[in-house]
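Below: one structure, written as structure tokens.
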Amino acid sequence: MRLSVIGCGYLGAVHAAAMASIGHEVVGIDVDTHKIDALSRGEAPFFEPGLQQILTEGITSGRLRFSTDTADAAGATVHFIGVGTPQQAGGYGADLTYVDAAVSALLPHLRSGDIVAGKSTVPVGTAARLAELVAPTGATLVWNPEFLREGWAVQDTIDPDRLVAGVPAGERGEHAAGILREVYHPAVAKGTPFIVTDYATAELVKVAANAFLATKISFINAMAEIAEVTGADVTQLADAIGHDARIGRRFLGAGIGFGGGCLPKDIRAFAARAEELGRGESVNFLREVDAINLRRRERAVQLVVDGLGGTVYGKRIAVLGAAFKPHSDDVRDSPALDAAVRLHGLGADVVVTDPQAIENARRFHPQLTYIAERDEALRDAHAVLVVTEWDEYRRELDASHVSSLTSGRVVVDGRNCLDAVAWRAAGWTYYGMGRP
Ligand code: NAD
């Protein structure tokens with residue numbers, strides 16, 4: 007099938023390449039010339055495991071191309087919208103400028119019978135509004151929210167755990183859902199749940215999923231706060247409650263909290279939208295979820311300050327991690343970088359290292375020092391702060407080896423990912439999050 011994908015960021019570039027990899031003919035469109043130039047040369051513009059390979063294959067096969075001109079979307083049967091929906095500059099709601107611009111630019115190129123499939127995460131009610139814009143062209147709007155996880159995006163796009171299609175009522179909707187089933191044929195054929203809903207439900211499925219995940223993380227971080235004043239160990243608590251199948255252990259990792267380009271802005275936008283709908287009280291708890299999350303960043307910084315005897319001024323601190331999570335170079339609202347910036351603000355000499363995210367981190371925070379080589383970043387540090395649980399830190403960091411590089415023996419494990427016993431045995435003062 008011929009497809010277009012408008013917006014080629016973390017979602018769109020992966021979607022375009024993944025759709026080409028399952029046999030479709032795809033054009034990816036973005037207003038960012040640098041991104042499109044890189045993609046057209048077959049170079050992934052960001053780090054995402056597996057993307058480079060399917061990008062190269064797609065371009066070599068001739069099934070995948072990129073353009074900055076929306077007119078090149080003409081002739082495609084399905085047009086995916088994957089542009090950004092960031093937090094508004096002056097509020098908590100989602101900024102829909104890019105979605106509106108992308109759909110408006112597409113309108114003159116739509117034919118009757120085409121499908122416009124929104125993938126961006128939008129406030130409930132957006133699809134119904136956009137459907138009215140699209141209607142005069144004879145095309146049908148569907149909302150097909152995306153659940154990919156950065157770091158697993160290629161796999162999640164090709165083999166998702168579920169597909170959701172919000173469609174208009176009646177035959178038109180059934181027809182559109184049928185076309186989407188064809189687009190996702192390999193996943194549908196292997197029995198992946200394909201859930202057809204109305205627009206509002208599809209939009210809400212996405213924000214509800216993110217709200218639930220954020221709440222689960224903040225729940226365990228709230229327990230970490232209580233553990234900190236009682237001497238309990240939140241990691242044991244998480245293991246113990248996680249054995250209850252109704253609760254489950256996943257997403258119960260207490261630490262410095264969530265970040266990235268989705269969870270923080272999505273829960274804020276959800277709360278703002280609920281407020282507009284007169285139902286603010288229904289999701290008021292999301293503000294608490296947000297507040298707990300942000301307090302953990304402060305806590306990690308405070309542990310470093312405490313560990314260094316009350317001040318970090320003039321002290322060298324090695325910060326291990328800049329990406330908001332491992333297997334990604336995404337630093338949007340990264341708790342790791344936030345902690346590094348706060349320590350820098352307190353007068354510390356902060357050295358940040360990360361296997362993939364240094365280039366992005368430097369663009370956002372040029373005031374920090376970046377050293378790509380981990381051991382060089384650790385050299386002469388008075389304290390070590392681990393804030394992204396890359397395998398390079400979680401598994402491969404040997405306390406005795408680190409002792410041979412650093413001048414201090416204070417380690418703050420912002421992700422509870424190190425072996426506390428081993429670090430203490432090697433002479434370190436170890437601080438975890440919510441652990442004695
Ligand atoms: P991103 O910032 O990486 O990419 C957005 C892209 O859209 C950019 O490349 C930008 O240049 C482009 N763009 C903006 N306006 C455009 C226009 N008018 N025409 C063409 N291109 C335009 O953002 P992202 O992380 O890919 O997220 C995109 C959407 O997907 C958001 O709504 C996000 O919430 C949602 N989402 C993201 C993820 C994720 O893990 N990144 C997962 C699920 C859903």
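Taking the working numbering, the leading residue of the sequence shown gets 7, the next gets one more, and so forth. For glycine and all other residues, C-beta sits at the position ideal for the given N, C-alpha and C. This structure is a prediction, so every number in the text was calculated from the model and none was measured.
Spatial neighbours of residue i within its chain, please: CB distance less than 7 Å, with the 5 preceding and 5 following residues excluded, ordered by chain position.
{"i": "residue 98", "result": "274, 275, 277 and 278"}
{"i": "residue 111", "result": "76"}
{"i": "residue 163", "result": "20, 21, 24 and 154"}
{"i": "residue 337", "result": "328, 329, 330, 343, 363, 366, 367 and 370"}
{"i": "residue 216", "result": "268, 269, 272 and 273"}
{"i": "residue 27", "result": "60, 63, 64 and 164"}
{"i": "residue 81", "result": "8"}
{"i": "residue 350", "result": "356, 373 and 374"}
{"i": "residue 79", "result": "10, 12, 33, 35, 85, 112 and 115"}
{"i": "residue 341", "result": "262, 263, 265, 303, 330 and 393"}
{"i": "residue 432", "result": "405, 406 and 409"}
DSSP three-state call for residue i: helix, strand or coil?
{"i": "residue 172", "result": "strand"}
{"i": "residue 328", "result": "coil"}
{"i": "residue 279", "result": "helix"}
{"i": "residue 447", "result": "What the structure shows of the chain is the stretch from 7 to 442, and residue 447 is not part of that stretch, so it cannot be assessed."}
{"i": "residue 322", "result": "strand"}
{"i": "residue 218", "result": "helix"}
{"i": "residue 143", "result": "helix"}
{"i": "residue 9", "result": "strand"}
{"i": "residue 16", "result": "coil"}
{"i": "residue 35", "result": "strand"}
{"i": "residue 429", "result": "helix"}
{"i": "residue 205", "result": "helix"}
{"i": "residue 291", "result": "helix"}
{"i": "residue 337", "result": "coil"}
{"i": "residue 417", "result": "strand"}
{"i": "residue 200", "result": "strand"}
{"i": "residue 130", "result": "coil"}
{"i": "residue 399", "result": "helix"}
{"i": "residue 435", "result": "strand"}
Ignore the nearest five residues each way along the sequence and tell me which others in residue i's own chain have a CB closer than 6 Å to its CB.
{"i": "residue 179", "result": "173"}
{"i": "residue 357", "result": "324, 375, 377 and 383"}
{"i": "residue 237", "result": "442"}
{"i": "residue 101", "result": "92 and 94"}
Would you say residue i touches ligand 1, meaning its beta carbon is less than 7 Å from a heavy atom?
{"i": "residue 126", "result": "yes"}
{"i": "residue 170", "result": "no"}
{"i": "residue 35", "result": "yes"}
{"i": "residue 398", "result": "no"}
{"i": "residue 14", "result": "yes"}
{"i": "residue 210", "result": "no"}
{"i": "residue 39", "result": "no"}
{"i": "residue 9", "result": "no"}
{"i": "residue 102", "result": "no"}
{"i": "residue 90", "result": "yes"}
{"i": "residue 269", "result": "no"}
{"i": "residue 18", "result": "yes"}
{"i": "residue 111", "result": "yes"}
{"i": "residue 141", "result": "no"}
{"i": "residue 108", "result": "yes"}
{"i": "residue 152", "result": "yes"}
{"i": "residue 294", "result": "no"}
{"i": "residue 49", "result": "no"}
{"i": "residue 156", "result": "yes"}
Can you give the beta carbon distance from residue i to residue j, rounded, assuming they're within the 8 Å contact cut?
{"i": "residue 424", "j": "residue 403", "result": "7 Å"}
{"i": "residue 122", "j": "residue 145", "result": "6 Å"}
{"i": "residue 88", "j": "residue 46", "result": "At roughly 17 Å, the Cβ-Cβ gap does not stay under 8 Å, so residue 88 and residue 46 are not in contact."}
{"i": "residue 269", "j": "residue 226", "result": "Contact doesn't hold; Cβ gap of about 14 Å is too wide."}
{"i": "residue 245", "j": "residue 255", "result": "7 Å"}
{"i": "residue 159", "j": "residue 54", "result": "5 Å"}
{"i": "residue 478", "j": "residue 7", "result": "As shown, the chain starts at 7 and ends at 442. That puts residue 478 outside it, with no answer to give."}
{"i": "residue 171", "j": "residue 208", "result": "7 Å"}
{"i": "residue 90", "j": "residue 157", "result": "At roughly 19 Å, the Cβ-Cβ gap does not stay under 8 Å, so residue 90 and residue 157 are not in contact."}
{"i": "residue 124", "j": "residue 136", "result": "7 Å"}
{"i": "residue 421", "j": "residue 393", "result": "7 Å"}
{"i": "residue 416", "j": "residue 248", "result": "With 8 Å as the limit, residue 416 and residue 248 do not qualify as a contact, their Cβ atoms being about 30 Å apart."}
{"i": "residue 152", "j": "residue 17", "result": "6 Å"}
{"i": "residue 412", "j": "residue 386", "result": "7 Å"}
Within the same chain, show all residues whose beta-carbon is closer than 8 Å to that of residue i, passing over the 5 residues directly before and after it, in chain order.
{"i": "residue 426", "result": "419, 436, 438 and 441"}
{"i": "residue 198", "result": "165, 166, 167, 168, 169 and 190"}
{"i": "residue 320", "result": "353, 354 and 355"}
{"i": "residue 181", "result": "146"}
{"i": "residue 290", "result": "277"}
Spell out whether any CB of chain C is found under 8 Å from the CB atom of residue i.
{"i": "residue 120", "result": "Looking at the structure shown, chain C is missing, and only one protein chain is on hand."}
Report the start-end ranges of each beta strand (DSSP E) in the segment 64-128 that is 3 residues or longer and not cut off at the edges. 70-73, 84-87 and 121-124
In chain order, which beta strand (DSSP E) runs of at least 3 residues are fully inside the segment 352-378? 355-359
Minimum length 4: unbroken alpha helix (DSSP H) runs contained in the segment 217-270: 240-248
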